[in-house]
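Just so you know, the sequence shown maps onto residues 526 to 738 in the numbering used here.
Beta carbons are placed, not taken as given, at the ideal position from N, Cα and C, and that holds for glycine.
Every value quoted in this text rests on a predicted model; they were computed, and no experiment measured them.
Before any comments, here is the structure.
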Amino acid sequence: MRLIFLGPPGVGKGTQAELLAKKYSIPKLSTGDLLRDAVRNKTPLGVEAKGFMDRGELVPDQVVIGLVREKLESRECENGFILDGFPRTVPQADQLTSILKSRAAGLDRVIYFWIPKEEIVTRISGRRSCPKCKSVYHIHSVPPKNEGICDGCGAELTQRMDDKPDTVESRLSVYQEQTAPLIEYYKSKNLLSELDGSGAVHDVQGQLIALLS
Ligand code: AP5
526 MRLIFLGPPG
536 VGKGTQAELL
546 AKKYSIPKLS
556 TGDLLRDAVR
566 NKTPLGVEAK
576 GFMDRGELVP
586 DQVVIGLVRE
596 KLESRECENG
606 FILDGFPRTV
616 PQADQLTSIL
626 KSRAAGLDRV
636 IYFWIPKEEI
646 VTRISGRRSC
656 PKCKSVYHIH
666 SVPPKNEGIC
676 DGCGAELTQR
686 MDDKPDTVES
696 RLSVYQEQTA
706 PLIEYYKSKN
716 LLSELDGSGA
726 VHDVQGQLIA
736 LLS
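Below, the structure written as structure tokens:
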């Protein structure tokens, strides 16, 4: 299964991608996670990406495409993948099509998640993430068993730098300008399915599985 999860920041793409990847035993490729790792490890790519991410802007297309191409061409993705947060611009989507074409593969579905804007702000402001195993929590809706500690690996949870209110506003406008056009892009290719992400995590997961089957 080759899937794209599309939607605004904080809508729950990463949470749903993680659950579905486990269920179908396919990798989840999150460009946000890959970029945050590069920033943390201070690689040349991470150093280049950091300023864009801190300002809530998109990292330049060629940087992100290079990162994704390498992953998609690896054996890990032979039997499918979930792309979480990629593509985010029309040039990225065009490049993805040609990478897949060169492997005689196509996309199965693009899931567009949506929730009301107030809920986006609530979700992002309460998000806590594990820097080690990448698990994502919410202080109210998806709390860890022990406050501030990752259930999976015991590491201390952190708040993302780009989850500050001002940066969230920039991310939302960047989404509207540069990423929302992909809704029509994939609709015109008959690949888009819309999903109301406003229910509880397991309800949304149930709807997603029903939609895919
Ligand atoms: P990225 O990490 O991809 O951020 P994003 O797309 O803005 O998405 P988020 O991670 O904020 O949200 P999500 O939809 O995954 O929600 P989550 O599941 O965490 O990108 C970060 C930055 O990297 C970008 O700004 C850009 O600079 C750069 N970048 C990344 N990809 C790029 C690309 N392709 N091109 C260029 N630049 C790129 O959930 C949010 C919260 O809600 C959590 O606390 C969660 O526990 C909670 N939650 C989830 N589901 C529910 C539910 N159903 N009910 C209640 N709470 C819920």
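- Here R628 is exposed, its C-beta having fewer than 16 other C-beta atoms within 10 Å.
- With a contact defined as Cβ atoms closer than 8 Å, L682 and R648 miss out at about 15 Å.
- For L560, the Cβ falls inside the 7 Å cut-off from some heavy atom of ligand 1.
- Going by beta carbons, M578 and I551 fall outside the 8 Å limit.
- With respect to D609, L554 sits close: the two C-beta atoms are nearer than 8 Å.
- Setting aside the 5 residues that flank it on each side, V693 is surrounded in the same chain by I649, each with a C-beta closer than 6 Å to its C-beta; the list follows chain order.
- For F577, the enclosing alpha helix (DSSP H) stretches over residues 569 to 579.
- At least one heavy atom of ligand 1 lies less than 7 Å from the C-beta of P534.
- Under the Cβ criterion (8 Å, minimum of three pairs), the region 553 to 567 counts as touching the region 604 to 622.
- When C-alpha distances from G679 are compared across K657, A735, Y700, the shortest belongs to K657.
- Contact annotation: C675 and P669 have beta-carbon atoms nearer than 8 Å.
- Taken through DSSP and simplified to helix, strand or coil, L716 comes out as coil.
- Taken from the Cβ of E573, every heavy atom of ligand 1 lies 7 Å or farther away.
- With respect to R634, L716 sits close: the two C-beta atoms are nearer than 8 Å.
- Between V589 and E573, the C-beta spacing is not below 8 Å.
- In the structure shown, the three-state DSSP call for V635 is strand.
- S623 sits in a helix when the DSSP states are folded into three classes.
- The beta carbon of A546 sits closer than 7 Å to those of P552, K553, I607, all from its chain and outside the five residues before and after it, given in chain order.
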